[in-house]
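A.B. asks: Chains as they are written, first to last, in our numbering: chain C, 3 to 211; chain Z, 32 to 502. All C-beta atoms in this analysis are idealised placements derived from N, C-alpha and C, irrespective of residue type, glycine included. Given the structure is predicted, the values throughout are model-derived calculations rather than measurements. This is the structure I want to talk about, given as structure tokens.
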Amino acid sequence: MNRMPLLVFGVFLTFAAAWLGLVAYPYVTLGQLQPVTDENSGDVYPPSLSGLAATGQKVYASNGCVYCHSQQVRPAYLTSDIANKLGPRRTVARDYLRDQPAFTGSLRIGQDLTNYGLRAPSVNEIHRHLYDAQAVVRGSIMPSYRFLYTMRKISGQPSNGALTGLTGRHAPAPGFEVVPTEDATVLAAYLLSLKRDYPLPEAPQETTE
Amino acid sequence: MIASAQSPILEKVDASLRLPVLIFFGCAACWLVLGTFLCAVAGFKLVWPGFLDGPAFLTYGRIAPAAVNVLVYGWASSAAFGIVLWLLARLGRTPLDYVVLPVAAAIFWNVGVFLGLLAILAGYSRSVFLLEFPGFISGILFIAYLFIAVWGIVLFRRRAPGSVFVSAWYLLAALLWFPWLYFTGNALLIWGHPVSGPAQAPIASWFASGIINLWLAPVALSAAFYLIPQILGRRLVSYNLSLLGFWSFAVFAAWTGMAQLIGGPVPAWMVSAGVVASILLFIPVLVISINLLGTMRGSFEAWLWSPSLRFTLAGAGAFLLVYVSGVLLALPGVNAVFHFSDVLLGQGALALFGFVSMSFFGAIYYIVPRLTGQAWPSDGLIRWHFWLFTVAVGTGYLCLMFGGMTQGFALSDPGVDFSSSVAFATPFRLMAALCAIALLVGAACFTGLFFRAVLSVFEPAAKSSAPAVTV
Numbered sequence: 003m004n005r006m007p008l009l010v011f012g013v014f015l016t017f018a019a020a021w022l023g024l025v026a027y028p029y030v031t032l033g034q035l036q037p038v039t040d041e042n043s044g045d046v047y048p049p050s051l052s053g054l055a056a057t058g059q060k061v062y063a064s065n066g067c068v069y070c071h072s073q074q075v076r077p078a079y080l081t082s083d084i085a086n087k088l089g090p091r092r093t094v095a096r097d098y099l100r101d102q103p104a105f106t107g108s109l110r111i112g113q114d115l116t117n118y119g120l121r122a123p124s125v126n127e128i129h130r131h132l133y134d135a136q137a138v139v140r141g142s143i144m145p146s147y148r149f150l151y152t153m154r155k156i157s158g159q160p161s162n163g164a165l166t167g168l169t170g171r172h173a174p175a176p177g178f179e180v181v182p183t184e185d186a187t188v189l190a191a192y193l194l195s196l197k198r199d200y201p202l203p204e205a206p207q208e209t210t211e
Numbered sequence: 032m033i034a035s036a037q038s039p040i041l042e043k044v045d046a047s048l049r050l051p052v053l054i055f056f057g058c059a060a061c062w063l064v065l066g067t068f069l070c071a072v073a074g075f076k077l078v079w080p081g082f083l084d085g086p087a088f089l090t091y092g093r094i095a096p097a098a099v100n101v102l103v104y105g106w107a108s109s110a111a112f113g114i115v116l117w118l119l120a121r122l123g124r125t126p127l128d129y130v131v132l133p134v135a136a137a138i139f140w141n142v143g144v145f146l147g148l149l150a151i152l153a154g155y156s157r158s159v160f161l162l163e164f165p166g167f168i169s170g171i172l173f174i175a176y177l178f179i180a181v182w183g184i185v186l187f188r189r190r191a192p193g194s195v196f197v198s199a200w201y202l203l204a205a206l207l208w209f210p211w212l213y214f215t216g217n218a219l220l221i222w223g224h225p226v227s228g229p230a231q232a233p234i235a236s237w238f239a240s241g242i243i244n245l246w247l248a249p250v251a252l253s254a255a256f257y258l259i260p261q262i263l264g265r266r267l268v269s270y271n272l273s274l275l276g277f278w279s280f281a282v283f284a285a286w287t288g289m290a291q292l293i294g295g296p297v298p299a300w301m302v303s304a305g306v307v308a309s310i311l312l313f314i315p316v317l318v319i320s321i322n323l324l325g326t327m328r329g330s331f332e333a334w335l336w337s338p339s340l341r342f343t344l345a346g347a348g349a350f351l352l353v354y355v356s357g358v359l360l361a362l363p364g365v366n367a368v369f370h371f372s373d374v375l376l377g378q379g380a381l382a383l384f385g386f387v388s389m390s391f392f393g394a395i396y397y398i399v400p401r402l403t404g405q406a407w408p409s410d411g412l413i414r415w416h417f418w419l420f421t422v423a424v425g426t427g428y429l430c431l432m433f434g435g436m437t438q439g440f441a442l443s444d445p446g447v448d449f450s451s452s453v454a455f456a457t458p459f460r461l462m463a464a465l466c467a468i469a470l471l472v473g474a475a476c477f478t479g480l481f482f483r484a485v486l487s488v489f490e491p492a493a494k495s496s497a498p499a500v501t502v
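Next up, the structure:
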């Protein structure tokens, strides 16, 4: 090829085409999505995150949870996500309005967490799972996040926030207790906030039947 | 082994490039060892979560992205810069002036990658795939890149008159695409106020696939297009095939990442465009492979005496395999089942360790003797490096694919609970982690060999030996 301007122009054009379609277009359309307000109750969907949960999102990012856990429910006509009870409906772009960044994820080495807040039994259970997943779920390959907790000697009464029901290898010895750090508290608040069951006009509830 | 006397102008070109290119390759080789080591650690953590756990920086969610970033920005990108500069200077028969600037850029880039690695391990990552480095560090990388790219463009502008070879098309494209890609990715997802959540999924997907398809792949193909005819001393099969391959790759490659968002929170047409592009990418892949392998026709025994040809051909084979299996995996029915499974890891590993790395090894084995003026010190280590990589990449790929498929079927079956999908994948993940150990040993062979070759230049005895050059 000897016509250089043609080469440079072509190289520019092929890239620009994809850039316009896959970057500029989502930027001006999906990027402008707003929350919807329920006419009857006045509720706003997706609900905004509490301050704790918003901070917890940063802990989620800094420890790379997204490399194993997706947050996407795909529609019933395409996959078995709904039948697998990952959520009552598919996730749509508006669901990620409160996410920074959007943790869509691309692997399910661990469970999908789109609606973890709906199925989590209690805050203590979330902490037990984070502290030592193998003691809670047999065969789990989730790492232990012990570094988000402090083990200390009980002086007088056990602390209010101390974890209860710890078993297994990392359970505290008698006379000791495990308390969540600030990071663990906000992370649990974020995980508990993961509930995408609110109604959105573009994503009706789905059934597998 | 062949010995060839080089023309004076090429010797001048090589002399001018010696320092910057060897710095890029040296840093790249060290990153490769560290990257494969981190890969192995992450791999074993998936099997034994208690392996090396405790402190925060050793948690899987930090080790895994650290490994990927070290491999992509440390190893592959540094190696790519060395290859780009050498090929552009060589193709244009132009020596490089002001060597201090590319050398400074090389140092800045690698210091940036080092700081980025520390930042990920310390937990300062936003967990956006391949954009894990904090904003000020990607800023350093971007500025370092501009210095390198400007020098590449200067070399290209000053080229000796004559037709521009197909390798230079790919290099020019990669040099123009990477800054646009990297700037867009950082500006919209990392720097300042990132775009709102709903717009992030397609942009992140476009970026991640672009780093392979629009940056590393063109450099790897450029090296293959240069080396195969050069080593065999013949012409490429067809100029028209080169044209068709280049332009169809340029048109389709940028769109393929969207296929992975099947069922995801993006407009349906985007996924369709990604699926169509992934399938149509079959055309350039076939055309490029025919052009490269056709040039080899009747001379496959050259594989035996030329290590760089051996690595280049293995890279070309992996190129064919990774994109052809990409076509099959893009088909919506297949995609919906295997998405979210280890199949994705297998594809990524084959692209990075098979296609990109093997092609880059081929180029480095060709370039370094021309810079040091001496043959590689050990044939045996080159063989070890080649076979360790080929067997480990091949076996690791098969394991992750089979494991990923069983995992994908388990994930898609409402009658099978989630823990079974983990149990099915685990033996295959263990095998893949063992393959990562083999990659680490292979990388250590390569790096040891590289530094022996570079340091032997300073030995007085070696200086007097004949300037033989091996390919």
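Run through chain C and tell me which residues come within less than 9 angstroms of Z/Lys-76, C-beta to C-beta.
C.D. replies: Locating residue 76 of chain Z in the second sequence gives position 45, counting from the first residue. Per Cβ cutoff of 9 angstroms: Ile-143, Pro-145.
A.B. asks: Quick check on Z/Leu-311: does DSSP put it in helix, strand or coil?
C.D. replies: Here residue 311 of chain Z is taken as the residue at index 280 of the second sequence, counted from 1. Residue state, collapsed to three classes: helix.
A.B. asks: According to DSSP, is C/Lys-155 part of a helix, a strand, or is it coil?
C.D. replies: Against the first sequence, residue 155 of chain C aligns to sequence position 153. Strand at C/Lys-155.
A.B. asks: How about C/Thr-81: is its C-beta nearer than 9 angstroms to some C-beta of chain Z?
C.D. replies: Residue numbering aside, residue 81 of chain C sits at position 79 when the first sequence is read from its first letter. Cβ-Cβ to chain Z under 9 angstroms: yes for C/Thr-81.
A.B. asks: Taking one C-beta from the region 191-210 of chain Z and one from the region 108-127 of chain Z each time, how about it: are there three or more such pairs within less than 8 angstroms?
C.D. replies: The region 191-210 of chain Z is in contact with the region 108-127 of chain Z.
A.B. asks: Counting only beta-carbon separations shorter than 9 angstroms, does Z/Val-101 have a partner in chain C?
C.D. replies: Position 70 of the second sequence, counted from the first residue, corresponds to residue 101 of chain Z. Not closer than 9 angstroms to any Cβ of chain C, the Cβ of Z/Val-101 fails to qualify, so no.
A.B. asks: Quick check on Z/Glu-332: does DSSP put it in helix, strand or coil?
C.D. replies: Taking the first residue of the second sequence as 1, we reach residue 332 of chain Z at position 301. Correct three-state label for Z/Glu-332: coil.
A.B. asks: So which residues of chain Z does C/Asp-97 contact, with C-beta pairs closer than 7 angstroms?
C.D. replies: Here residue 97 of chain C refers to the residue found at position 95 of the first sequence. Within 7 angstroms Cβ-Cβ: Pro-296.
A.B. asks: So, for Z/Leu-89: in the same chain, excluding its five sequence neighbours on each side, which residues have a beta-carbon less than 7 angstroms away from its beta-carbon?
C.D. replies: Indexing the second sequence from 1 puts residue 89 of chain Z at position 58. Excluding sequence neighbours, Z/Leu-89 sits near Leu-83.
A.B. asks: Taking the Cβ atom as the reference point for each residue, do Z/Leu-161 and C/Ile-111 lie within a distance shorter than 9 angstroms?
C.D. replies: Position 130 of the second sequence, counting from 1, holds the residue named residue 161 of chain Z. Position 109 of the first sequence, counting from 1, holds the residue named residue 111 of chain C. Not closer than 9 angstroms, so no.
A.B. asks: Mind checking which residues open and close the alpha helix (DSSP H) that includes Z/Val-399?
C.D. replies: Translated into the one-based positions of the second sequence, residue 399 of chain Z becomes position 368. Z/Val-399 -> alpha helix (DSSP H) spans 388-403.
A.B. asks: Assuming the contact rule is C-beta atoms closer than 8 angstroms, Z/Gly-183 and Z/Leu-119 should be a hit. Round their C-beta distance to whole Å, please.
C.D. replies: As a working note, residue 183 of chain Z is residue 152 in the second sequence. As a working note, residue 119 of chain Z is residue 88 in the second sequence. Indeed they touch by this definition, with Cβ atoms about 5 angstroms apart.
A.B. asks: So is Z/Val-318 buried or exposed if we call it buried at 16+ other beta carbons inside 10 Å?
C.D. replies: The sequence position of residue 318 of chain Z within the second sequence is 287, counting from 1. The residue in question, Z/Val-318, is buried, as its Cβ has 16 or more Cβ neighbours within 10 Å.
A.B. asks: Grab the span of the alpha helix (DSSP H) containing C/Glu-208 for me, first residue to last.
C.D. replies: Translated into the one-based positions of the first sequence, residue 208 of chain C becomes position 206. Counting along the chain, C/Glu-208 falls outside any alpha helix (DSSP H), and DSSP gives it neither H nor E.
A.B. asks: Against Z/Ala-46, what residues of chain C qualify as contacts under a CB-to-CB distance less than 9 angstroms, listed in chain order?
C.D. replies: Reading the second sequence from its first residue, position 15 is the one you call residue 46 of chain Z. The premise fails here: Z/Ala-46 is roughly 28 angstroms from chain C at the closest Cβ pair, so nothing lies under 9 angstroms.
A.B. asks: In chain Z, which residues lie less than 7 angstroms from C/Thr-93 when you measure between Cβ atoms?
C.D. replies: Stepping through the first sequence from its first residue, residue 93 of chain C is reached at position 91. Those within 7 angstroms of C/Thr-93 in chain Z are Pro-296.
A.B. asks: So that I know if they touch, is there some Cβ in chain C lying closer than 9 angstroms to that of Z/Ala-493?
C.D. replies: Mapped onto the second sequence, residue 493 of chain Z falls at position 462. Low confidence applies here, because Z/Ala-493 scores a pLDDT of 47, under 50, leaving its location unreliable; read the following figure in that light. Judged by the 9 angstroms Cβ criterion, Z/Ala-493 is not in contact with chain C.
A.B. asks: Report yes if the CB atom of Z/Gly-464 is closer than 9 angstroms to the CB atom of Z/Phe-420, and no otherwise.
C.D. replies: Residue 464 of chain Z sits at position 433 when you count from the first residue of the second sequence. Residue 420 of chain Z sits at position 389 when you count from the first residue of the second sequence. According to the sequence as given, residue 464 of chain Z is Ala; it is not Gly. For Z/Ala-464 and Z/Phe-420, no; Cβs fall outside 9 angstroms.
A.B. asks: Considering only residues of the same chain and omitting the five flanking positions on each side of Z/Val-306, which have a CB-CB separation below 7 angstroms?
C.D. replies: If you number the second sequence from 1, residue 306 of chain Z lands on position 275. If we look at Z/Val-306 and ignore the five residues flanking it on each side, its Cβ neighbours are Ala-290, Ala-361, Pro-363.
A.B. asks: Under 8 angstroms: do the region 370-381 of chain Z and the region 424-436 of chain Z share three or more Cβ pairs, one atom per stretch?
C.D. replies: Because the criterion of three Cβ pairs below 8 angstroms is met, the region 370-381 of chain Z and the region 424-436 of chain Z touch.
A.B. asks: Hey, is Z/Gln-291's beta-carbon within less than 9 angstroms of any beta-carbon in chain C?
C.D. replies: Along the second sequence, read from residue 1 onward, the residue named residue 291 of chain Z stands at position 260. With 9 angstroms as the cut-off, Z/Gln-291 counts as an interface residue toward chain C.
A.B. asks: Is it a yes or a no for the region 165-175 of chain C touching the region 23-34 of chain C, going by three-plus beta-carbon pairs under 8 angstroms?
C.D. replies: Short answer: they don't touch.
A.B. asks: Can you tell me the Cβ-Cβ gap for C/Val-61 and C/Val-180, rounded? I've got them flagged as a contact below 8 angstroms.
C.D. replies: Walking along the first sequence from the start, residue 61 of chain C turns up at place 59. Walking along the first sequence from the start, residue 180 of chain C turns up at place 178. Actually they are not in contact, since the Cβ atoms of C/Val-61 and C/Val-180 sit about 17 angstroms apart, beyond 8 angstroms.
A.B. asks: How many whole angstroms separate the CB atoms of Z/Gly-228 and C/Ala-104, which I take to be in contact at a CB cut-off of 8 angstroms?
C.D. replies: Here residue 228 of chain Z corresponds to residue number 197 of the second sequence, with the count starting at 1. Here residue 104 of chain C corresponds to residue number 102 of the first sequence, with the count starting at 1. Z/Gly-228 to C/Ala-104, Cβ: 4 angstroms. Contact.
A.B. asks: Where C/Asp-134 and Z/Trp-117 are concerned, what is the direct C-alpha to C-alpha distance, given to the nearest angstrom?
C.D. replies: The residue labelled residue 134 of chain C in the question sits at position 132 within the first sequence. The residue labelled residue 117 of chain Z in the question sits at position 86 within the second sequence. Rounded to whole angstroms, C/Asp-134 to Z/Trp-117 spans 52 angstroms at the Cα level.
A.B. asks: To the nearest whole angstrom, what separates the beta carbons of Z/Trp-237 and Z/Gly-288, a pair I think is in contact under 8 angstroms?
C.D. replies: One-based indexing of the second sequence puts residue 237 of chain Z at position 206. One-based indexing of the second sequence puts residue 288 of chain Z at position 257. Between Z/Gly-288 and Z/Trp-237 the Cβ distance is about 5 angstroms, and since that is below 8 angstroms, they are a contact.
A.B. asks: Please report the residue range of the beta strand (DSSP E) in which C/Glu-179 lies.
C.D. replies: Counting from 1 along the first sequence, the entry for residue 179 of chain C is found at position 177. Segment 178-182, the beta strand (DSSP E) holding C/Glu-179.
A.B. asks: If we count Cβ pairs, one from each stretch, closer than 8 angstroms, do we get three or more for the region 91-98 of chain Z versus the region 147-158 of chain Z?
C.D. replies: In short, these stretches touch, since the Cβ pair count reaches three.
A.B. asks: Do the region 473-481 of chain Z and the region 54-71 of chain Z meet, that is, are 3 or more Cβ pairs less than 8 angstroms apart?
C.D. replies: As far as the Cβ criterion goes, the region 473-481 of chain Z touches the region 54-71 of chain Z, which means the pair count is three or higher.
A.B. asks: The alpha helix (DSSP H) with C/His-131 in it runs from where to where?
C.D. replies: Counted from its first residue, the first sequence places residue 131 of chain C at position 129. Counting along the chain, the alpha helix (DSSP H) containing C/His-131 begins and ends at 125-133.
A.B. asks: State the DSSP-derived secondary structure class of Z/Phe-520, mapped to helix, strand or coil.
C.D. replies: A question about residue 520 of chain Z goes unanswered here, because the residues of chain Z that appear run from 32 up to 502.
A.B. asks: If I measure Cβ to Cβ from C/Arg-91 and keep anything under 6 angstroms in the same chain, skipping five residues before and after, which residues do I get?
C.D. replies: The residue given as residue 91 of chain C occupies position 89 in the first sequence. Here the set comprises Ala-205, Gln-207, Glu-208.
A.B. asks: C/Gln-207 versus chain Z: which residues are under 7 angstroms apart at the beta carbon?
C.D. replies: Mapped onto the first sequence, residue 207 of chain C falls at position 205. Going along chain Z, no residue has its Cβ under 7 angstroms from C/Gln-207, so there is no contact; the nearest lies around 17 angstroms.
A.B. asks: Counting along the chain, where does the alpha helix (DSSP H) carrying Z/Ser-240 start and finish?
C.D. replies: Within the second sequence, residue 240 of chain Z is the residue found at index 209, counting from 1. Looking at the DSSP string, the run of the alpha helix (DSSP H) that includes Z/Ser-240 is 231-241.
A.B. asks: Consult DSSP for Z/Thr-287 and reduce its assignment to one of helix, strand or coil.
C.D. replies: As a first step, residue 287 of chain Z must be located in the second sequence, where it is residue number 256. Helix at Z/Thr-287.
A.B. asks: Beta carbons nearer than 9 angstroms to chain C: which residues of the region 233-259 of chain Z have them?
C.D. replies: Answer set for the region 233-259 of chain Z: Pro-233, Ile-234, Ala-235, Ser-236, Trp-237, Phe-238, Ala-239, Gly-241, Leu-245.
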